[in-house]
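Chains as they are written, first to last, in my numbering: chain R, 1 to 313; chain F, 314 to 629.
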């Protein structure tokens, strides 16, 4: 399909901005409000990160009052509580990546082996539902199920154990957090894999079968290579979000008792910045987190492009 | 005006979407090996369990909402109400603040979705024009914000300084464009039949006319998908309201619910008076009423969500 309007083709490459603006001013004008929105609500806060290096006075300029250099950076490097939050972030991020990332692939492969269309559709419909629930509802479910009168403790008692107050014990927090992530995201995560699976040529399976491959070998040598590009793209995106582990959910679930394992960088920023009002200090930590995120996604992308040939850009 | 053009496909999105429920095609009718038969039984069992575990919290919630306080405290309620009553439901429904917050959620969702759709569709249309000078710069300008953001504190300072605190704008404006949705719409518009736009241009329509009178009316399916994505997002959103609103009369129902959950479990920060000591089933009833619209609507609109995700996956 031709993708360019007639008349635009021959000018491509030598078209100046003046000419382009004159010819397509209506089109550019449609982009005006969105561009202003991005500048104000995305790029201005980015520039606002400068207060990590400047003293900020409430009610003063959003870019702060005076330069203080690396004062706030040095402060958080020596801050024990920050390193605790950093460690928790890395652990929860790693657990999420290792446990939550592969499960949709497995679920998609299992669904792919079903022969009943009705049953397959039923499982899909049910498993997508949690994705559409507010994180407040999900937190509510967690509290209901893990409370002393909840279902989990009913099972514990059934097997002869003593009831556990799960949400008050730091040891349990990671397990509970990751389980709730699994519950909420795994079903919806299968969609892209299932979509990719429908594009695999059935002749490949036929050829593999003629070569004597059993069902397992067909999965290993045909299905998995077929979904590898999708896997890589999703892996890169997941790695990019490694540091921003579900802030809203942890914020809803944690308390002072579970804080030793539950406090992550983003919740620490909230407490330092908005509860204690140390805005510049919290911004410095936030900037550090954002830079790590950016570095992670660029490196994951570069490594993936070199090793597997699939990448985001 | 454009009736000289080929017949448009009004349901362009739905038509292109592969059927995800279609079983893997069986190319031959070879008999299953015994091992594979066992696997199929195990597989079916696993998937039944997956569905059961996914549904259980919802069933448990509904059972708790209509059970007696004593039955809940004793920990006997699973998927069926014990000591059935609607007392708690009625008492929640009689609370003015609950209705006020519920109404706020509806208003925030409608206004937020309208603003989001206006900004997202216009920008996506511009970005879909491959001949447009500066297109790649604008795409990079938008996509970069997916990977690097200003962070909590600079955003908080910005929204406060704009005077958005305790107004609806704090909730709806800063989240108005979701870059993923923007890219989905862009790839939809890229595949829009170009002949239709050319015919409209020859008939004398300007870019505005083409966009509003030809492109948008023929993109209803993708627009419906985007409306659903944004509406769910705004319905479920709680943190911006929690952060920027001090007046309980302004809260959306999600913050009302959050305060009940936080109050009942002693999470601490920012408790409201309603939240202090609340019985277990008030929590269940409020959760149920908050989740209800989405759970009820979901089976009918699920295919739009699925097609939206797949449209986005066409191009990175």
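Glycine residues also receive a C-beta, built at the ideal position from the N, C-alpha and C atoms.
Residue-level contact to chain R via CB, residue i, 8 angstroms cutoff
i              : result
residue 526(F) : no
residue 600(F) : yes
residue 574(F) : yes
residue 408(F) : no
residue 587(F) : Confidence in residue 587(F) is poor, its pLDDT being 42 and thus under 50, which makes the residue's placement unreliable; the coordinate value appears in the next sentence. No - not a single Cβ of chain R is within 8 angstroms of the one on residue 587(F).
residue 344(F) : no
residue 476(F) : no
residue 481(F) : no
residue 561(F) : no
residue 368(F) : yes
residue 413(F) : no
Whole-angstrom distance between residue j and residue i, CA atom to CA atom
i              : j              : result
residue 70(R)  : residue 424(F) : 42 angstroms
residue 582(F) : residue 369(F) : Low confidence applies here, because residue 582(F) scores a pLDDT of 43, under 50, leaving its location unreliable and the question unanswered by this model.
residue 481(F) : residue 421(F) : 7 angstroms
residue 284(R) : residue 472(F) : 19 angstroms
residue 609(F) : residue 67(R)  : 55 angstroms
residue 542(F) : residue 347(F) : 45 angstroms
residue 366(F) : residue 513(F) : 53 angstroms
residue 399(F) : residue 146(R) : 24 angstroms
residue 113(R) : residue 360(F) : 11 angstroms
residue 80(R)  : residue 267(R) : 15 angstroms
residue 491(F) : residue 614(F) : 20 angstroms
residue 201(R) : residue 208(R) : 12 angstroms
residue 144(R) : residue 384(F) : 14 angstroms
residue 38(R)  : residue 345(F) : 57 angstroms
residue 214(R) : residue 446(F) : 54 angstroms
residue 487(F) : residue 238(R) : 24 angstroms
residue 186(R) : residue 125(R) : 12 angstroms
residue 302(R) : residue 47(R)  : 27 angstroms
residue 612(F) : residue 619(F) : 12 angstroms
residue 226(R) : residue 110(R) : 16 angstroms
residue 198(R) : residue 436(F) : 32 angstroms
residue 297(R) : residue 476(F) : 35 angstroms
Sequence-distant residues of its chain with Cβ nearer than 6 angstroms to residue i (five each side left out)
i              : result
residue 587(F) : Reliability of the predicted coordinates at residue 587(F) is poor, the pLDDT of 42 falling under 50, and the value obtained from them is presented with this limitation in mind. Within the same chain, residue 587(F) has no close Cβ partners at all.
residue 257(R) : 168
residue 249(R) : 135
Endpoints, alpha helix (DSSP H) assigned at residue i
i              : result
residue 209(R) : 202-210
residue 498(F) : 492-503
residue 167(R) : Run containing residue 167(R): none; DSSP gives neither H nor E here.
residue 274(R) : Counting along the chain, residue 274(R) falls outside any alpha helix (DSSP H), and DSSP gives it neither H nor E.
residue 431(F) : 409-440
residue 444(F) : Unbroken run through residue 444(F): none, as it is neither H nor E.
residue 220(R) : Run containing residue 220(R): none; DSSP gives neither H nor E here.
residue 360(F) : 347-378
Cβ shell of residue i (< 7 angstroms), same chain only, five flanking positions each side left out
i              : result
residue 245(R) : 89, 92, 93, 96 and 264
residue 595(F) : 401, 405 and 573
residue 188(R) : 128 and 131
residue 230(R) : 192, 193 and 196
residue 426(F) : 540, 543, 544 and 547
Inter-residue CB distance, residue i and residue j (contact presumed, cutoff 8 angstroms)
i              : j              : result
residue 604(F) : residue 558(F) : Not quite, the Cβ-Cβ distance comes to about 22 angstroms (not below 8 angstroms), so this is no contact.
residue 377(F) : residue 252(R) : Not quite, the Cβ-Cβ distance comes to about 19 angstroms (not below 8 angstroms), so this is no contact.
residue 417(F) : residue 564(F) : 6 angstroms
residue 395(F) : residue 404(F) : So it is not a contact: roughly 19 angstroms between Cβ atoms.
residue 529(F) : residue 489(F) : Between residue 489(F) and residue 529(F) the Cβ distance is about 18 angstroms, and since that is not below 8 angstroms, they are no contact.
residue 170(R) : residue 261(R) : 4 angstroms
residue 243(R) : residue 206(R) : In fact, because the Cβ distance is near 45 angstroms, the residues do not count as touching under 8 angstroms.
residue 465(F) : residue 240(R) : Incorrect: roughly 18 angstroms between the Cβ atoms, too far for contact.
residue 30(R)  : residue 438(F) : 6 angstroms
Beta carbon proximity, residue i to chain F, threshold 8 angstroms
i              : result
residue 264(R) : no
residue 319(R) : The structure shown does not extend to residue 319(R), since chain R is modelled only from 1 through 313, so no value can be given for it.
residue 307(R) : no
residue 302(R) : no
residue 213(R) : no
residue 249(R) : no
residue 132(R) : yes
residue 155(R) : no
residue 269(R) : yes
residue 232(R) : no
residue 297(R) : yes
Residues near residue i in its chain [Cβ-Cβ closer than 8 angstroms; skip 5 each side]
i              : result
residue 281(R) : 72, 75, 76, 272 and 273
residue 463(F) : 471
residue 601(F) : 374, 375 and 378
residue 85(R)  : 263, 264, 265, 267 and 268
Proximity test, residue i beta-carbon vs the ligand PLP heavy atom, cut-off 7 angstroms
i              : result
residue 291(R) : Questions concerning the ligand PLP fall outside what the structure shown contains, since it holds no ligand whatsoever.
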